[in-house]
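Each residue of the sequence shown is one higher than the one before, counting from 2 in my numbering. All C-beta atoms in this analysis are idealised placements derived from N, C-alpha and C, irrespective of residue type, glycine included.
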Amino acid sequence: MHLTKHRLLHWKRPLLFILAAPLLSAAEKAQMIVIVADARKFHGLRLWWANLYNDSHLHFAVMTVILIPLAGVILGSLADVVMSRIGIDLKSRALREG
2 MHLTKHRLLH WKRPLLFILA APLLSAAEKA QMIVIVADAR KFHGLRLWWA NLYNDSHLHF
62 AVMTVILIPL AGVILGSLAD VVMSRIGIDL KSRALREG
């Protein structure tokens, strides 16, 4: 009987703390935080990017997801062209030592 009572208390105690936590931490409701980019000193493309962030976080996220891989492809292709011009062959996997 004692062991069964101990097991019941074993799971009731954490449950009690979980249920009582919102009551113990009751406070005034916090105000919503507004996160914006300060675009007063920006011009051109940086101003557009900051305004896109301020206007819609969803559009900003979609543009970021599209532009980051696109920039990677462009920079990778440019690096491939530069390396082929200086004589580094990346198309062949054969080792040409010796």
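Asked: What span of residues does the alpha helix (DSSP H) with His60 cover, start to end?; Found: His58 to Arg86
Asked: What separation, rounded to the nearest whole angstrom, lies between the Cα atoms of Ile34 and Leu79?; Found: 42 Å
Asked: Could you check what DSSP says for His44 in three-state terms: helix, strand or coil?; Found: coil
Asked: May I have the straight-line CA-CA distance separating Val83 from Gly45, to the nearest angstrom?; Found: 30 Å
Asked: Could you work out which residue in Ala72, Leu20, Ser57 and Ala31 is closest to Ala37 when comparing CA atoms only?; Found: Reading the sequence as shown, one finds Val at residue 37 and not Ala. Here the closest residue by C-alpha is Ser57.
Asked: Put Ala31 into one of helix, strand or coil per three-state DSSP.; Found: coil
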